[in-house]
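Residue 1 is where the sequence shown starts when you use the UniProt record's numbering, and the numbers rise one by one after that. Built from N, CA and C at the ideal position, the CB exists for glycine as well.
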Amino acid sequence: MGIVEKRGIVAIIVTNAFFIGIFTGKYMFNNTPIMNPNTFKNIASESLVTGSMSRSSGNTGQLNEIALSESKEDEQNSGINLPSDDAMKTMTKEHLTNILYNYLNGLQVLCRRVLRLGNIDDGGKEVCDDTKYRPRSSCLVYSFGIGYRFDFDDDAIQYYGCEMHCFDPSMNDFKYRYPGDKAIFHPIGLGAFDGILNASSKTEKRLWEVRKLNTIKSMLNHTKRDIDILKMDVEGSEYASFLEMARSGELKHVRQICVELHSWAKETINEQITAMRTLYEHGFRIFMRERNLYHECLFTSGEIPRKKTQCMEMSLVNIHWKSLD
1 MGIVEKRGIV AIIVTNAFFI GIFTGKYMFN NTPIMNPNTF KNIASESLVT
51 GSMSRSSGNT GQLNEIALSE SKEDEQNSGI NLPSDDAMKT MTKEHLTNIL
101 YNYLNGLQVL CRRVLRLGNI DDGGKEVCDD TKYRPRSSCL VYSFGIGYRF
151 DFDDDAIQYY GCEMHCFDPS MNDFKYRYPG DKAIFHPIGL GAFDGILNAS
201 SKTEKRLWEV RKLNTIKSML NHTKRDIDIL KMDVEGSEYA SFLEMARSGE
251 LKHVRQICVE LHSWAKETIN EQITAMRTLY EHGFRIFMRE RNLYHECLFT
301 SGEIPRKKTQ CMEMSLVNIH WKSLD
């Protein structure tokens, strides 16, 4: 018997021991530990989630139960690790920045079917299509921040048939507003107050009309409806908007949030952490995150001379959601 065949036999034996270990909690081969149990556990969890593990017809139910158990345990282990407002007073900005970015790079809940709405580059978002979180037949979607790109909105209509409302205060050229009749465009933005937001730069004067989420829902006669997907690309106003939604009670009426976070937001790092902690306290769990490599988001750090991104794409589901409509 050649070396390759011997390795194949060992692989088969280890694989069988592995499956035995899943169901018995013992990772042994001939009464000898064959791998650190935690290592096996991590491999099992990852394989079950990705579907890369072989499944026999007789064990499918047990495997599903294991995956569900792993999901619940993962959520417990990913428990909030953001400091309180008082604790942050004793921490340096550098320390707080590291805490926030570590938090944003962690997944907190399992979504088995993640669906991309929109293009693969800047503008598209990931939504959870699991039964528990999937947009309903009477779904309502608010899409803030269009930039003359309606690919996300088109896909939401195509896949789910949702009532779609698009918002962007910067789109002054009516010629390039939504070309169809399946979505309604509103030339206003999302903010933490009702009024005019001064978004001027050194080279361009920009005064944008913004409204709080509860104000917009009232304007559109949606006060008795839940928002299935809240898409936000509001160029730095996201943190203040989250806090306002919490104060007004609107967060509990949102099922999913797809947001692009910007580190150039005017809020301090303390306020950004407070906003993310508030989302967690209201039931929102991260199921997807990715770094946005759009060229306007990239910069080179002086301390570490390599490119980084100031933009983070993030999708969250509300595990505490209860239907309003």
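Separation of Tyr239 from Ile286, as counted between CA atoms: 16 Å
Distance CB(Ala199)-CB(Ser241) smaller than 8 Å: no
Exposure label - Gly61; buried when at least 16 CB within 10 Å: Because Gly61 sits at a pLDDT of 48, beneath the cut-off of 50, its placement in the model cannot be relied upon, and the point is left open.
Any 3 or more C-beta pairs closer than 8 Å across the segment 216 to 235 and the segment 268 to 284: no
Touch test, the segment 109 to 125 against the segment 147 to 162, Cβ-Cβ under 8 Å, three pairs minimum: Under the 8 Å Cβ criterion, the segment 109 to 125 counts as touching the segment 147 to 162, having at least three qualifying pairs.
Nonlocal neighbours in the same chain, by C-beta distance under 8 Å from Asn292, ignoring five residues either side: Asp122, Glu260, Thr309, Cys311, Met312 and Glu313
Nonlocal neighbours in the same chain, by C-beta distance under 6 Å from Phe144, ignoring five residues either side: Phe167, Leu190, Met232 and Val234
Ala183 - partner residues in DSSP beta bridges: Note: Ala183 sits in a beta bridge opposite Met164.
Check whether Asp130 and Arg116 have beta carbons under 8 Å apart: no
Where the beta strand (DSSP E) through Ile286 begins and ends: Phe284 to Arg291
Terminal residues of the alpha helix (DSSP H) in which Ser273 lies: Strictly speaking, residue 273 in this sequence is Ile, with Ser absent from that position. From DSSP, the alpha helix (DSSP H) with Ile273 extends over Ile269 to Glu281.
Proximity below 8 Å, CB of Ser170 to CB of Trp208: yes
Candidates Ile184, Tyr159, Glu250 and Cys297, of which the one nearest Thr215 by Cα: Closest in C-alpha terms to Thr215, from the list Ile184, Tyr159, Glu250 and Cys297, comes Glu250.
Glu46 classed as buried or exposed, judged by whether at least 16 other C-beta atoms fall within 10 angstroms: Residue placement at Glu46 is poorly supported in this model, since its pLDDT is 39, which falls under 50; the coordinates are not used for a value here.
DSSP bridge partner residues for Tyr159 (one or two, in chain order): For Tyr159, which the question treats as bridged, DSSP gives no partner whatsoever.
Beta-carbon gap between Tyr160 and Cys128 smaller than 8 Å: no
Reference His186; option with closest CA among Arg211, Leu197, Glu204 and Thr97: Arg211
Classification of Ile184 by the beta-carbon crowding that lies within 10 angstroms, buried from 16 upward: exposed
Given Met164 as reference, the closest of Asn172, Lys182 and Gly118 once Cα atoms are compared: Here the closest residue by C-alpha is Lys182.
Secondary structure of Met219, DSSP reduced to three states: helix
Per DSSP, the bridge partner or partners of Cys258: Lys231 and Ser315
CB of Ile269 within 8 Å of CB of Lys93, strictly: yes
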